[in-house]
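Written out below as structure tokens is the structure these notes cover.
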Amino acid sequence: MGEELKQDIDWESKWQTGNTQWDAGKPSPALIDLVENEETKKLIPEHGQGLVPGCGSGYDVVFLASKDRHMTGMDFSQTCVDKLVKDHPDASAHNYDFICADFYKFKAPEEGYVLAYDYTFLCAMEPYMRPAWAQKYAEIIQKDGILITLMYPLDNHEGGPPFALNEQVYSELLSAHFDLVFIKDAVGHPSRIGKEKIAIWKRK
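Counting in full-length UniProt numbering, the sequence shown runs from 1 upward without gaps.
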């Protein structure tokens, strides 16, 4: 991946101390709508392997897993993943699992993923890491596979995390390897309304 990427934020410490104020307690209503809506659910692969990096408490992993779609939740914090494994003893029976790994360094399945979901992950990265974020998704998502981005926070505040984002940032990062096939304003968690859009990108 070129230069060594270093996480400047101590996510392990945040999980050890319970400093997880970003945790909304359930999957985003915007993701639920996208998966269940007749117009958009046909764009989301039903079979294969999917990934949720920076999965946190794992709500989205559990929601996206199905009989034919195996989902893996990844987090950088071992404390986070240990808690997930303990809290989900029947994960394998429901076709999902959790791993502790560095998104930028881990090795994806040889065939790649058919689906990845990115929410409160890009915004947690230092801005200089963004090109590597896009390149990694291009490497691990197979041709015609799907990347769902719940874009947040769409504003221009200073500092972070979460670091401010906008549609242009996503387009500049992803358009070389992905086609934007769907985007709309997201009706998500109440505190984030007006700061989110949800999009589907198809790997070229």
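Backbone N, C-alpha and C fix where the C-beta goes; we use that ideal spot for every residue, glycine too.
Quantities reported herein were computed from a predicted structural model and do not represent experimental measurements.
Which residues in the same chain have their Cβ closer than 7 angstroms to the Cβ of residue 120, if we skip the five residues on either side of it in sequence? Walking along the sequence shown from the start, residue 120 turns up at place 120. So the qualifying residues of the chain are 22, 54, 152, 162.
Residues of its chain near residue 101, where Cβ-Cβ distance is below 7 angstroms and the 5 sequence neighbours each way are ignored: In the sequence shown, residue 101 corresponds to position 101, counting from 1. Excluding residues up to 5 positions away in sequence, 74 lie with their Cβ nearer than 7 angstroms to the Cβ of residue 101 in the same chain.
Looking at C-beta atoms only, is the number of pairs between the region 137 to 145 and the region 105 to 112 that lie closer than 8 angstroms three or more? Note that the region 137 to 145 touches the region 105 to 112; at least 3 beta-carbon pairs, one per stretch, sit closer than 8 angstroms.
Starting from the Cα of residue 202, find the closest Cα among 179, 172, 126 and give me that residue. Position 202 of the sequence shown, counted from the start, is the residue given in the question as residue 202. Residue nearest to residue 202 within the set 179, 172, 126 is 179 (criterion: CA-CA distance).
Does the pairing of the region 25 to 36 with the region 170 to 190 give three or more beta-carbon distances under 8 angstroms? By the Cβ rule, the region 25 to 36 counts as touching the region 170 to 190, because three or more pairs are nearer than 8 angstroms.
For residue 196, which residues of its own chain have a beta-carbon under 7 angstroms away from its beta-carbon, when the five flanking residues on both sides are left out? Within the sequence shown, numbered from 1, the residue matching residue 196 stands at position 196. Non-local C-beta neighbours of residue 196 in its own chain, meaning closer than 7 angstroms and more than five positions away in sequence, comprise 30, 150, 151, 152, 154, 186, 188, ordered along the chain.
DSSP three-state assignment for residue 90, whether helix, strand or coil: Along the sequence shown, read from residue 1 onward, the residue named residue 90 stands at position 90. For residue 90, the secondary structure class from DSSP, reduced to helix, strand or coil, is coil.
Residue 71 versus 182, 45, 128, 37, residue with shortest Cα-Cα distance: One-based indexing of the sequence shown puts residue 71 at position 71. Looking at 182, 45, 128, 37, the one whose alpha-carbon comes closest to that of residue 71 is 45.
Under a Cβ-count criterion, where at least 16 other Cβ atoms within 10 Å of its own Cβ denotes burial, should residue 198 be classed as buried or exposed? Residue 198 sits at position 198 when you count from the first residue of the sequence shown. Residue 198 is buried by the Cβ-count criterion.
Does DSSP put residue 106 in a helix, in a strand, or in coil? To locate residue 106, count along the sequence shown from 1; it is residue 106. Three-state result, residue 106: coil.
Within its chain, find whatever has a CB closer than 6 angstroms to the CB of residue 51; leave out the 5 residues flanking it on each side and keep chain order. One-based indexing of the sequence shown puts residue 51 at position 51. The answer, listed in chain order, is 72, 113, 116.
Residue 100 (DSSP reduced to helix, strand or coil): Translated into the one-based positions of the sequence shown, residue 100 becomes position 100. Looking at residue 100 - three-state DSSP - the assignment turns out to be strand.
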